Amino acid sequence: MSIYMGYVLGSVALDISANLALAKSGGFARRGWGIFAVLLIMGAFALLALAVTGMDLFIAYAVWGVMSILGTALATRMVFGHRLNITSWAGMALLILAILLIRLG
Numbered sequence: 025m026s027i028y029m030g031y032v033l034g035s036v037a038l039d040i041s042a043n044l045a046l047a048k049s050g051g052f053a054r055r056g057w058g059i060f061a062v063l064l065i066m067g068a069f070a071l072l073a074l075a076v077t078g079m080d081l082f083i084a085y086a087v088w089g090v091m092s093i094l095g096t097a098l099a100t101r102m103v104f105g106h107r108l109n110i111t112s113w114a115g116m117a118l119l120i121l122a123i124l125l126i127r128l129g
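The sequence shown maps to residues 25 to 129 in this note's numbering.
(1) Taking DSSP as the reference, what is the three-state secondary structure of residue 60?
(2) Out of 86, 80, 46, 25, which one is the CA nearest neighbour of residue 103?
(3) At the level of alpha carbons, what is the spacing between residue 52 and residue 35?
(4) Consult DSSP for residue 80 and reduce its assignment to one of helix, strand or coil.
(5) Hey, how far is the Cα of residue 58 from the Cα of residue 107?
(6) Residue 80: buried (16+ other C-beta within 10 angstroms of its C-beta) or exposed?
(7) With a 10 Å radius around its C-beta and 16 neighbouring C-beta atoms as the bar for buried, classify residue 11 as buried or exposed.
(8) Does the stretch 116-128 come within contact of the stretch 65-79, defined as at least 3 CB pairs closer than 8 Å?
(9) With a threshold of 16 other CB atoms inside 10 Å of the CB of residue 40, please say whether the residue is buried or exposed.
(10) My guess is that residue 112 and residue 78 are in contact by the Cβ rule of under 8 Å, so how many angstroms apart are they, rounded?
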């Protein structure tokens with residue numbers, strides 16, 4: 025794994041954390057969580073910016089987007105008990121397939 029993919033993975037972790045913090049903020053009703061979410065997403069984009077200095081933007085962004093969506097779905101299930109229906113899971117499987125095809129191309 026290259027350092028640039030490491031930046032993408034770090035960005036994914038920060039993005040998932042930002043999404044959880046945003047949910048905890050209750051629409052910024054709890055300002056501390058909301059501000060924390062904004063800081064986390066700023067960090068996520070800073071790492072993504074580093075990633076694209078050494079890899080194609082479309083690959084970095086596609087991997088980041090899909091992994092962030094999947095990670096957020098799994099994290100909200102574990103933390104908040106949110107459930108997805110079979111159609112949603114099928115859509116996520118298609119996202120994974122799309123990333124695999126992009127990486128192979």
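C-beta: ideal position from N, C-alpha, C; glycine also.
What you are looking at is a predicted structure, and each value in this text was computed from that prediction instead of being measured.
The relevant details are as follows:
(1) helix
(2) 46
(3) C-alpha separation (whole angstroms): 22 Å.
(4) Shown here, residue 80 sits in coil according to DSSP, grouped into three states, outside any helix or strand.
(5) 23 Å
(6) exposed
(7) Within the shown structure, residues of the chain are numbered from 25 to 129, placing residue 11 beyond reach of any answer.
(8) No contact exists between the stretch 116-128 and the stretch 65-79.
(9) buried
(10) Not confirmed; about 33 Å, so no contact.
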